[in-house]
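Below: the structure, in structure tokens.
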Amino acid sequence: MAERTEPEGRVEALEEELAQMRRAVVSHAVIDQAIGVVLAYGRVPARRGWQVLTEVSQNTNVKLRVVAEHLVRWPHRAWLPPEIHRALNAALEHDRPSPDEAAGPRERIAPVSPK
78 MAERTEPEGR VEALEEELAQ MRRAVVSHAV IDQAIGVVLA YGRVPARRGW
128 QVLTEVSQNT NVKLRVVAEH LVRWPHRAWL PPEIHRALNA ALEHDRPSPD
178 EAAGPRERIA PVSPK
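At the far end of the sequence shown sits residue 192, using the working numbering, and the numbering has no gaps.
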């Protein structure tokens, strides 16, 4: 086995680092797109999208990147793994107003005092 020279080892290390960075950029883009799907589907504020995504990942024990990939493909495939779909709906359920809240605030009517 031939010994690697220091420059060759350094080049190899830099190539590996570059490959990791490329994977991270792609992964980040997919996660951002998945957050967009969550926002559109759940009609939640932008700050909540990331939280929902992480809840789904944690509650299904599926890596966040994999959950994101499924969510991004969902509109095109019209299919989402059932466990991810259930976890997504459960996470979003916290954000949906109750029927009373959805009706809006009730107007308080002041009691009429007898004259």
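Glycine included, each C-beta is placed from N, C-alpha and C at the ideal position.
Please read all numbers here as calculations on a predicted model, not as lab measurements.
| Item | Value |
| --- | --- |
| Run of the alpha helix (DSSP H) containing H162, from where it starts to where it stops | 159 to 170 |
| Segment contact, 8 Å Cβ cut-off, at least three pairs: the segment 137 to 151 with the segment 92 to 111 | yes |
| Assigned exposure category for A96 - 16 Cβ within 10 Å defines buried | exposed |
| Outcome for L91 when other beta-carbon atoms lying within 10 angstroms are tallied against a minimum of 16 | exposed |
| Alpha-carbon to alpha-carbon, T131 and Y118 | 16 Å |
| Counted within 10 angstroms of its Cβ, other Cβ atoms place R120 as buried (16 or more) or exposed | exposed |
| Simplified DSSP state of W151, which is helix, strand or coil | helix |
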